[in-house]
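Data first, discussion second: the structure below is written as structure tokens.
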Amino acid sequence: MNSRQTLRIALIGVLTVGAGTFAASSSHAAAPKMQKCYGINAAHKNDCHTVGHSCAGQDAKARDPNAFIAVPAGLCQKIAGGSTKPAKG
């Protein structure tokens, strides 16, 4: 191997590592803050427990005011029936 070929291989390696690092940091920085949104779940699609059960995906009632799903912050108020707090009672 001559010095030109060695330099070329080293440069390709540096660019590959740099591109991978940039992609990883870009996707991490773009992750939105999430919040609980009650009352908008589909049946068996809730994210966590409610009054009647203790596991995700067990709520048989759609749009249960005590069941939540995680949505990007600020989106819950824009969805009909969405609330950032569970129903009282």
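Numbering-wise (our numbering), the sequence shown opens with residue 3 and increments by one.
Glycine included, C-beta positions come from ideal geometry on N, C-alpha and C.
Computed from a prediction, not measured in an experiment: that's the story for all the values here.
Quiz item: Looking at C-alpha atoms only, which residue of 18, 14, 41, 31 is the closest neighbour of residue 73?
Solution: 41
Practice problem: Please confirm whether residue 45 and residue 64 have their CB atoms less than 7 Å apart. | Solution: yes
Quiz item: Under the three-state reduction of DSSP, which class applies to residue 5: helix, strand or coil?
Solution: helix
Practice problem: Return the chain-ordered list of same chain residues with a C-beta closer than 6 Å to the C-beta of residue 81, the five sequence neighbours on each side being excluded. | Solution: 42
Quiz item: Helix, strand or coil: which one does DSSP assign to residue 52?
Solution: strand
Quiz item: By a C-beta neighbour count over all protein chains shown, 10 Å radius and 16 as the cutoff for buried, is residue 69 buried or exposed?
Solution: buried
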